[in-house]
Amino acid sequence: YESIVKGEPIEEPSLPASFRVLVKELQSLGLAVEAELDTGDVIRFGKDEERIKPVKLNTGLLGLGKNIDNLFK
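Residues in the sequence shown are numbered from 27 upward in steps of one, following this note's numbering.
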């Protein structure tokens with residue numbers, strides 16, 4: 027409202043201050059907070075708020091638990 031009255035450019039909408047407080051509280055408990063967008067971008071919240079592309083690593087770990095019953099026979 028203030029920007030409209032003063033004739034200043036209107037800023038882009040951002041996160042509410044209460045959300046930033048919640049993020050800080052979670053970080054004080056040692057938890058990292060990030061959001062993944064539909065495009066695959068990840069937004070990390072907090073002091074170093076940034077938008078990054080997640081790195082996809084082929085670890086080969088998918089499916090390791092399928093034959094775990096055979097290990098104990």
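From the three backbone atoms N, C-alpha and C, an ideal C-beta is built for every residue, glycine too. Note that the structure is a prediction, hence the values are computed from the model and not measured.
When DSSP assignments are scanned along the region 52-76, the uninterrupted stretches of beta strand (DSSP E) that are 3 or more residues long and fall wholly within it turn out to be 60-62, 68-70. The residue among G33, V47, E62 with its C-alpha nearest the C-alpha of L55 is V47. In this chain, the alpha helix (DSSP H) harbouring I30 covers 28-32. Taking a 10 Å sphere around the C-beta of F45, we find fewer than 16 other C-beta atoms and assign the residue as exposed.
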